[in-house]
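Encoded as structure tokens, the structure appears first; notes follow it.
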Amino acid sequence: MNQRRNASSKSQPTKPLITKNPDISIQKGYKSQKSNFFSSERNIFTLCLAFRIVNSLLIQTYFNPDEHWQALEVAHRIVFGYGHLTWEWRKGIRSYFHPLLFAVLYKVLALFGLDTPWFMAHAPRLLQALFSAVGDLYFYKLSNAIFGNFVAKWALFSQLANWFMFFCFNRTLSNSLETVLTLVGLYYWPCMRASPSKVPLVLRKWGLAIAALACAIRPTSAITWVYVGLLELAVTCDRLKFLVLEVVPIGALVLALSCLLDRLMYGSWVIVPLNFLKFNFLSSGGDYYGTHKWHWYFSQGLTVMLFTFLPFSIAGSIKSKCWKLSGLIAWVLIVYSIQGHKEFRFVLPMLPIALMFSGYSLSVMAKSDSDSRRKGSPNSRMKRPSKVGFAIFVLLATNIPMALYMSLVHQRGTEDVMIYLSKEAQNEKVKGILFLMPCHATPYYSTLHYDLPMRILDCSPSEEKGIPDESDHFMMDPVSFVSTLMTNGSLPSHVVLFDSEEKLLRDFLISHSFIEVHAEPMSIYSFAFSVTISSW
5 MNQRRNASSK SQPTKPLITK NPDISIQKGY KSQKSNFFSS ERNIFTLCLA
55 FRIVNSLLIQ TYFNPDEHWQ ALEVAHRIVF GYGHLTWEWR KGIRSYFHPL
105 LFAVLYKVLA LFGLDTPWFM AHAPRLLQAL FSAVGDLYFY KLSNAIFGNF
155 VAKWALFSQL ANWFMFFCFN RTLSNSLETV LTLVGLYYWP CMRASPSKVP
205 LVLRKWGLAI AALACAIRPT SAITWVYVGL LELAVTCDRL KFLVLEVVPI
255 GALVLALSCL LDRLMYGSWV IVPLNFLKFN FLSSGGDYYG THKWHWYFSQ
305 GLTVMLFTFL PFSIAGSIKS KCWKLSGLIA WVLIVYSIQG HKEFRFVLPM
355 LPIALMFSGY SLSVMAKSDS DSRRKGSPNS RMKRPSKVGF AIFVLLATNI
405 PMALYMSLVH QRGTEDVMIY LSKEAQNEKV KGILFLMPCH ATPYYSTLHY
455 DLPMRILDCS PSEEKGIPDE SDHFMMDPVS FVSTLMTNGS LPSHVVLFDS
505 EEKLLRDFLI SHSFIEVHAE PMSIYSFAFS VTISSW
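Counting from 1, position 456 in the sequence shown corresponds to residue 460 in our numbering; the numbering is continuous, with no gaps.
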């Protein structure tokens, strides 16, 4: 029967395919518009992988400390036996699952003798490029499953062209992997499709397992999956089976495996999700690192991430009438807005969903242009400007410069200084390093990859609010702080600091036999030489 139905449908005249779901009224596209390239998942993945590899090599700037300190630094310590663990690991609010992925990478590099400065700096982002390409592929598949092939191609364009996805997706943040798992997981949940009843229930189990894995890596991912789970509960006919035979056993299994892994790595039983919940939600521990207004994600966060894609995303959200996806974005932004501490990366998993709506909007424009050319006279076709062509020009002209500037120029000094010191350390020109700057402002042992004494200023949150940490004391009176520090301890061979503090400490460092060499944008003082790199 299915074969006869398919054969019959292929014999019909070419016409737009309309989904039956009242929430989604979108043309699936014309057969003549379907290219052979996009008919193959292998081709799409190859395209995305090649793009993300180039993307990863173009990222040479510093964005967020967690990229290094909560993933690579931990992985480096596991494999090579030295590396710095931040206070989060002492309190047990981080799972080892994410760092272990990069620990495997480091182990492979070490076995083949490839743990050189270049590979140590670039290989982790190349591995993340592989994960990102998988996310891109499933983003396309999800768009295709909901809106059709024609929209999916425009959605993929939006994903690859967006400046923030280029800037952030390939970084080794747990949020990047969370975004990949969110895209893969959403594809397998029946409730996200136009016709949930037609999706095999076995896919839902895969979706549950991936959702549980995402929560194990980042407990706040539960915000997304609570919404999806409630939506699935509303549309499924077998609610009791869904809860008792799927949610509970799959969730318990993943939680047990995660706890067992952390037990092995921590050396004692640690319930990471519970500790994470206590610190970030019950005690608002994240507020120690700054707070924003409640509307920040709406007025600045996601708005800046979308940039010039914003009007297209809003238009696509309204025209598509896919309220399930719109509701997911709104739900996540609202819940995250309750917390005082806010960051761009926290809502990274929602950015592809918003860009999917941008793809919808662009597909509508492309369809309109196609209809106009087909109906118009030959002369009018030549004169009439293409709306989608103009939109593509504006999007590329604004996002490409932004992506390149943020990836190649902005805050590059803190990455360059560690690559420079790594090379010098390999040549045995470095004996010890003191970082006089806000804590976690540079990569650390994972990039230096040389076992020598290093010292950063501590910024662990105090049990009592209002008590300044080492970093605060240094910023309040750099000269007095450094004078006390060097009096009570041995002198390092190198001192690294920003230009703003270097001007205040120049005379003090020179008086202690340190000299400086300039090489923009930070300052490195040593007994034999130094490098200055001006901050951006």
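Beta carbons are placed, not taken as given, at the ideal position from N, Cα and C, and that holds for glycine. The model shown is predicted, which means the values in this text are computed figures rather than measured ones.
Burial state of residue i, where buried means 16 or more other Cβ atoms lie within 10 Å
i           : result
residue 451 : buried
residue 403 : buried
residue 480 : exposed
residue 194 : buried
residue 32  : Note that residue 32 scores a pLDDT of 44, beneath 50, so its modelled location is shaky; the value from the coordinates is reported in the next line. Flag for residue 32 reads buried.
residue 537 : Because the pLDDT at residue 537 is just 39, under 50, the model does not fix this residue reliably, and the value given afterwards should be weighed accordingly. Classification for residue 537: buried.
residue 349 : buried
residue 241 : exposed
residue 140 : buried
residue 398 : exposed
residue 468 : exposed
residue 185 : buried
residue 182 : buried
residue 29  : With a pLDDT of 43 at residue 29, under the threshold of 50, the predicted position of this residue should be treated as unreliable, and no value is reported.
residue 224 : buried
residue 327 : exposed
residue 97  : buried
residue 273 : exposed
residue 371 : buried
residue 413 : exposed
residue 208 : buried
residue 243 : exposed
residue 432 : exposed
residue 176 : buried
Span separating the alpha-carbon of residue i from that of residue j
i           : j           : result
residue 293 : residue 178 : 18 Å
residue 463 : residue 440 : 12 Å
residue 161 : residue 346 : 28 Å
residue 540 : residue 504 : Residue placement at residue 540 is flagged as unreliable, the pLDDT there being 32, under the threshold of 50; a coordinate-derived value is accordingly withheld.
residue 411 : residue 201 : 44 Å
residue 143 : residue 517 : 57 Å
residue 520 : residue 458 : 19 Å
residue 406 : residue 351 : 20 Å
residue 291 : residue 41  : 48 Å
residue 275 : residue 230 : 20 Å
residue 400 : residue 305 : 21 Å
residue 484 : residue 424 : 29 Å
residue 442 : residue 228 : 33 Å
residue 499 : residue 113 : 30 Å
residue 54  : residue 46  : 12 Å
residue 87  : residue 430 : 17 Å
residue 135 : residue 278 : 27 Å
residue 205 : residue 103 : 32 Å
residue 26  : residue 49  : For residue 26, the predicted structure reports a pLDDT of 40, less than 50, and the residue's modelled location is therefore unreliable. A value from the coordinates is still provided. Going from the Cα of residue 26 to the Cα of residue 49 covers about 32 Å.
residue 35  : residue 196 : Note that residue 35 has pLDDT 43, beneath the 50 cutoff, so the model's placement of it is unreliable and the number below is only indicative. Cα to Cα, the separation comes out at about 25 Å.
residue 56  : residue 337 : 27 Å
residue 515 : residue 286 : 49 Å
residue 165 : residue 395 : 12 Å
residue 37  : residue 198 : Low local confidence applies: a pLDDT of 46 at residue 37 is under 50, so the model's placement there is unreliable, and no value is given.
residue 100 : residue 189 : 21 Å
residue 473 : residue 453 : 28 Å
residue 471 : residue 237 : 47 Å
Beta-bridge pairing of residue i - partner residues as DSSP gives them
i           : result
residue 267 : Residue 267 pairs with nothing; no bridge assigned.
residue 439 : 500
residue 459 : 438
TODO: Please go through the stretch 142 to 181 and give each complete beta strand (DSSP E) segment of 3 or more residues, from N-terminal end onward.
DONE: none
Task: Contained beta strand (DSSP E) runs [length at least 3] in the stretch 68 to 153, N- to C-terminal order - done: none
Open item on the list: Taking contact to mean 3 or more Cβ pairs, one atom from each stretch, closer than 8 Å, check whether the stretch 248 to 256 and the stretch 200 to 214 are in contact.
Closed with: yes
Open item on the list: With three or more C-beta pairs closer than 8 Å as the rule, is the stretch 167 to 186 touching the stretch 353 to 366?
Closed with: yes
Task: Uninterrupted alpha helix (DSSP H) stretches inside the stretch 478 to 520 (no shorter than 4 residues) - done: 482 to 492 and 503 to 515
Open item on the list: Between the stretch 103 to 119 and the stretch 482 to 495, can you find at least three pairs of beta-carbon atoms closer than 8 Å?
Closed with: Counting Cβ pairs under 8 Å, fewer than three are found: no touch.
TODO: Would you check if there are 3 or more beta carbon pairs closer than 8 Å linking the stretch 141 to 152 to the stretch 59 to 66?
DONE: By the Cβ rule, the stretch 141 to 152 does not count as touching the stretch 59 to 66, because fewer than three pairs are nearer than 8 Å.
TODO: Check whether the stretch 427 to 442 touches the stretch 42 to 62, counting contact only when three or more Cβ pairs, one atom from each stretch, lie closer than 8 Å.
DONE: no
Open item on the list: Across the stretch 441 to 450 and the stretch 414 to 430, are there enough close Cβ pairs to call them in contact, namely three or more that are closer than 8 Å?
Closed with: yes
- [ ] Taking 8 Å as the threshold, find out whether the stretch 105 to 115 comes into contact with the stretch 72 to 87 through three or more Cβ pairs.
- [x] yes
Open item on the list: Pairs of beta-carbons, one from the stretch 87 to 101 and one from the stretch 71 to 79, closer than 8 Å: are there three or more?
Closed with: Under the 8 Å Cβ criterion, the stretch 87 to 101 counts as touching the stretch 71 to 79, having at least three qualifying pairs.
Open item on the list: Extract the residue ranges of the alpha helix (DSSP H) inside the stretch 391 to 416, only unbroken runs of 4 or more that lie entirely within it.
Closed with: Positions of the alpha helix (DSSP H) runs, each at least 4 residues long and wholly inside the stretch 391 to 416, are given as 391 to 412 in order along the chain.
TODO: Identify every run of the alpha helix (DSSP H) within the stretch 229 to 270, keeping only runs that are complete inside it and at least 4 residues long; order them along the chain.
DONE: 252 to 270
- [ ] Decide if the stretch 357 to 371 is in contact with the stretch 314 to 329; the criterion is three or more beta carbon pairs, one per stretch, under 8 Å apart.
- [x] yes
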